[in-house]
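*Asks:* If you read the sequences in order, they're chains A and B.
Numbering-wise, the first sequence is residues 96 to 448 according to our numbering.
Numbering-wise, the second sequence is residues 6 to 155 according to our numbering.
Please find one structure pasted underneath; my questions will follow.
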Amino acid sequence: MSETTDIQAVNEANALAETARQTVVGWQGVRCTLPPDWNVTGFSMERESGYLRIDAPSDSTLTVQIRWTDAGAPDVKTPYYFLARKVRRMLHRPEPKQPAVDLKANLDKFLKEIAKQSKKSKERLDAHSKPERVEREDEKRRSINFNWTGAGKGQGKIWHCQICNRVLVAQVVGMGKDINAIPGIASRLFQSLEDHAEDGFDLWALYDLQAGIPDGFRLESQKLLSGYLHLSFQRGAERIVIDRWGLANITLKKFTTAEWFANHSLVNLKPMQKRDETAESGHEITRYSGKLSLLSRLQAIRQAKLSLRNMPTRFEGGVWHCPESNKMYAIQIWRQTRAEKIWEEVLSRCVCH
Amino acid sequence: MRVPLKWKLYSAAGRYLPFLKIKPPEVDRKAAMTLRPGRNAVLRWEAQEESGKTLLKVPVNLQGGRFRKRIAQWMKVPKERVVELDEVGGYVWELCDGKHTVEQIVQATANAFKMNRREAEVSVTMFLQMLHERNFIGFYKKTAKSARKG
Numbered sequence: 096m097s098e099t100t101d102i103q104a105v106n107e108a109n110a111l112a113e114t115a116r117q118t119v120v121g122w123q124g125v126r127c128t129l130p131p132d133w134n135v136t137g138f139s140m141e142r143e144s145g146y147l148r149i150d151a152p153s154d155s156t157l158t159v160q161i162r163w164t165d166a167g168a169p170d171v172k173t174p175y176y177f178l179a180r181k182v183r184r185m186l187h188r189p190e191p192k193q194p195a196v197d198l199k200a201n202l203d204k205f206l207k208e209i210a211k212q213s214k215k216s217k218e219r220l221d222a223h224s225k226p227e228r229v230e231r232e233d234e235k236r237r238s239i240n241f242n243w244t245g246a247g248k249g250q251g252k253i254w255h256c257q258i259c260n261r262v263l264v265a266q267v268v269g270m271g272k273d274i275n276a277i278p279g280i281a282s283r284l285f286q287s288l289e290d291h292a293e294d295g296f297d298l299w300a301l302y303d304l305q306a307g308i309p310d311g312f313r314l315e316s317q318k319l320l321s322g323y324l325h326l327s328f329q330r331g332a333e334r335i336v337i338d339r340w341g342l343a344n345i346t347l348k349k350f351t352t353a354e355w356f357a358n359h360s361l362v363n364l365k366p367m368q369k370r371d372e373t374a375e376s377g378h379e380i381t382r383y384s385g386k387l388s389l390l391s392r393l394q395a396i397r398q399a400k401l402s403l404r405n406m407p408t409r410f411e412g413g414v415w416h417c418p419e420s421n422k423m424y425a426i427q428i429w430r431q432t433r434a435e436k437i438w439e440e441v442l443s444r445c446v447c448h
Numbered sequence: 006m007r008v009p010l011k012w013k014l015y016s017a018a019g020r021y022l023p024f025l026k027i028k029p030p031e032v033d034r035k036a037a038m039t040l041r042p043g044r045n046a047v048l049r050w051e052a053q054e055e056s057g058k059t060l061l062k063v064p065v066n067l068q069g070g071r072f073r074k075r076i077a078q079w080m081k082v083p084k085e086r087v088v089e090l091d092e093v094g095g096y097v098w099e100l101c102d103g104k105h106t107v108e109q110i111v112q113a114t115a116n117a118f119k120m121n122r123r124e125a126e127v128s129v130t131m132f133l134q135m136l137h138e139r140n141f142i143g144f145y146k147k148t149a150k151s152a153r154k155g
């Protein structure tokens, strides 16, 4: 009996360790889980239609490609499209009903592009697809599985999600000896792949950084440098900025976390109220909060391209050092007075180790 | 690894004359990761324990005739210049001993500084490239004979 319990405990511990090591990727509402050390190597900034590319580590040719488009948006956006949408919103009219998305046609279009690429490398494309099926208990997703062989091999899935009205194509591609690993990776990918926010929060995860941002915020700018990550989100004039610095042990020889944050903060921290807190993760956070000065408000409006929507009045910021991952994290939020809990919500969803 | 003269000319032309649109030669990533960087024998270095920095002492090339030497003497040109490497740079420099491959150096750096594997790869390869451009290191290619020896 005790032996069985021991084996169970070991299995559970192994499963936990495996979960901790796996790579979580989140971008523009799309999120998935992949084996350890896979990394994002290509992405688009657009929310409505975009792509994400995640590569396997070292010399493997395996790669995951994810593409999504908003099924409701027309291919060519005329001024009338934007004007009609704005008027509808002003008059609180519902969006017009869209015709059902033809998944098969979307898949054919996608496979045609792959055939073109295969033709360049003088390989013939051999593609197969399964019949369309409805997934999930709530029947909110229609999908088609497909695979192809040409210049390499690919296994993928195309689906339409009724909740976010996105058409998403995801595939695992590999060449040479790596093609044997494709089915395993594909099954792991399709089990974990999601295309919209959960509980109103989008997961943004890449290079060991995981953050939950309210789904109304849109990515405005990013800097993904070796040792420094910066993501800036905007909702009207409200802003959330997340920074992550690597090699904290070297930085902290010269500066304290508070000094480092004061040097890199986007507002003047002197008039802000400073206090030390302990986060759920157990890290000591140096937190700043206070009213935004008139100059900072004007800067926020300029940053929001002169939009007065969600005009921020308060600033919340904080920095902490995570010794487990040897990194420093900082969150800065420009918020409206009524959005009081946004700091706690973003902080609780920021995973540092 | 000795870079052929043709490649050197091509890359120089591509860099300084961008309108020619000369593409640099394609490097096989897998092969590049198996190269073993080794330090230039004429360089001396000194690791400072307190600051964690490493100082590379690079001899200044004073060759080129009596006149040039006289001018250098008159202008008091130092015989060597000092290049300062930070803690990470010093760590990588120590591993450039001709025994470790680029792959091993990347992995060791990622583990030592708790960096993401990809981040470590990008920064270490860029750093090695910079050291190579300044002739501080060279790359040994593992030959079939040395591979058999292990």
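Cβ atoms here follow ideal geometry from the backbone N, Cα and C, with glycine treated the same way.
Nearest by alpha-carbon distance to Lys349 (chain A): which of B:Glu51, B:Glu55, B:Trp98 is it?
*Replies:* Nearest of B:Glu51, B:Glu55, B:Trp98 to Lys349 (chain A), Cα basis: B:Glu55.
*Asks:* When burial is assigned at 16 or more other CB atoms within 10 Å of the CB, is Leu100 (chain B) buried or exposed?
*Replies:* Counting Cβ neighbours within 10 Å, Leu100 (chain B) comes out buried, since at least 16 surround it.
*Asks:* At least one CB of chain B closer than 9 Å to the CB of Ser391 (chain A): is that the case?
*Replies:* Taking Cβ atoms only, chain B never reaches closer than 9 Å to Ser391 (chain A), which makes this a no.
*Asks:* With a cut-off of 9 Å, does the C-beta of Leu147 (chain A) fall near any C-beta of chain B?
*Replies:* No, its Cβ sits nowhere closer than 9 Å to a Cβ of chain B.
*Asks:* So within the stretch 107-153 of chain B, which uninterrupted beta strand (DSSP E) runs reach at least 3 residues, ignoring any that extend past its ends?
*Replies:* Runs found: 142-145.
*Asks:* Identify whether Thr380 (chain A) lies in helix, strand or coil by the three-state DSSP scheme.
*Replies:* Correcting the residue identity first, residue 380 (chain A) is Ile in this sequence and not Thr. Ile380 (chain A): strand per DSSP, three-state reduction.
*Asks:* Could you tell me the distance, in whole angstroms, from the CA atom of Cys127 (chain A) to the CA atom of Asn121 (chain B)?
*Replies:* Cys127 (chain A) and Asn121 (chain B): Cα-Cα distance of roughly 18 Å.
*Asks:* Roughly how many whole angstroms lie between the Cα atoms of Thr381 (chain A) and Val441 (chain A)?
*Replies:* Taking the straight line from one Cα to the other gives about 16 Å.
*Asks:* Would you check if the distance between the CB atom of Trp254 (chain A) and the CB atom of Asp221 (chain A) is smaller than 9 Å?
*Replies:* Their beta carbons are not under 9 Å apart, which means Trp254 (chain A) does not touch Asp221 (chain A) by this criterion.
*Asks:* I'd like the ranges of any beta strand (DSSP E) spanning at least 3 consecutive residues and lying wholly in the stretch 278-355 of chain A.
*Replies:* List check, beta strand (DSSP E) in window: 296-301, 304-309, 313-320, 323-330, 333-340.
*Asks:* Can you have a look at Glu208 (chain A) and say buried or exposed, based on whether 16 or more other CB atoms are within 10 angstroms of its CB?
*Replies:* It counts as exposed.
*Asks:* Does the Cβ of Gly155 (chain B) have 16 or more other Cβ atoms within 10 Å, making it buried, or fewer, making it exposed?
*Replies:* Confidence at Gly155 (chain B) is low in this model, with a pLDDT of 48, below 50, so the placement of that residue should be treated as unreliable; the coordinate-derived value is given next. Burial call: exposed.
*Asks:* Hey, does Ala149 (chain B) have any beta-carbon neighbour from chain A nearer than 9 Å?
*Replies:* Any reading at Ala149 (chain B) must be qualified, since the residue scores a pLDDT of 48, below 50, and its modelled position is unreliable; the value itself is stated next. So, not an interface residue.
*Asks:* Against chain B, does Asp132 (chain A) count as a neighbour if the rule is that its beta carbon must be under 9 Å from one of theirs?
*Replies:* Asp132 (chain A) counts as touching chain B.
*Asks:* With Val182 (chain A) as the anchor, note down where its beta strand (DSSP E) starts and where it stops.
*Replies:* Run containing Val182 (chain A): none in the beta strand (DSSP E); it sits in the alpha helix (DSSP H), 174-185.
*Asks:* Thinking C-beta only, is Phe328 (chain A) closer than 9 Å to Glu315 (chain A)?
*Replies:* Against a cut-off of 9 Å, the Cβ pair of Phe328 (chain A) and Glu315 (chain A) comes out as a contact.
*Asks:* From A:Ala200, A:Lys181, A:Ala395, A:Glu411, pick the residue whose C-alpha is nearest to that of Ala459 (chain A); which is it?
*Replies:* Only positions 96 to 448 of chain A appear in the structure, and residue 459 (chain A) is not among them; the question remains open.
*Asks:* Is Asn358 (chain A) helix, strand or coil when you go by DSSP?
*Replies:* Asn358 (chain A): helix per DSSP, three-state reduction.
*Asks:* Please decide whether Ala125 (chain B) counts as near chain A, where near means a Cβ-Cβ distance under 9 Å.
*Replies:* Yes, because at least one Cβ of chain A sits closer than 9 Å to the Cβ of Ala125 (chain B).
*Asks:* Note down, in chain order, all residues in the stretch 295-327 of chain A with a beta-carbon under 7 Å from any beta-carbon belonging to chain B.
*Replies:* The stretch 295-327 of chain A vs chain B, Cβ under 7 Å: Tyr302, Asp303, Ser321, Gly322.
*Asks:* Put Gln394 (chain A) into one of helix, strand or coil per three-state DSSP.
*Replies:* Looking at Gln394 (chain A) - three-state DSSP - the assignment turns out to be helix.
*Asks:* Could you check what DSSP says for Asp203 (chain A) in three-state terms: helix, strand or coil?
*Replies:* Helix at Asp203 (chain A).
*Asks:* So which residues of chain A does Met120 (chain B) contact, with C-beta pairs closer than 7 Å?
*Replies:* Correct list: Gly341.
*Asks:* Judging by CA-CA distance, which residue of A:Asp273, A:Lys436, A:Trp355, A:Asn134 is the nearest neighbour of Ala425 (chain A)?
*Replies:* Per the Cα distances, A:Trp355.
*Asks:* What span of residues does the beta strand (DSSP E) with Val120 (chain A) cover, start to end?
*Replies:* Segment 118-122, the beta strand (DSSP E) holding Val120 (chain A).
*Asks:* Please tell me whether Pro274 (chain A) has its Cβ less than 9 Å away from any Cβ of chain B.
*Replies:* Checking the displayed sequence, the identity of residue 274 (chain A) turns out to be Ile instead of Pro. No, because no Cβ of chain B sits closer than 9 Å to the Cβ of Ile274 (chain A).
*Asks:* Measuring only the C-alpha atoms, how far is Ser391 (chain A) from Gln317 (chain A)?
*Replies:* Straight-line Cα distance between these residues: approximately 21 Å.
*Asks:* So Ala18 (chain B) is in the alpha helix (DSSP H); what residue range does that whole segment cover?
*Replies:* Start and end: 10-21.
*Asks:* Using the three-state DSSP reduction, which class does Trp133 (chain A) fall into: helix, strand or coil?
*Replies:* Three-state DSSP puts Trp133 (chain A) in coil, outside helix and strand.
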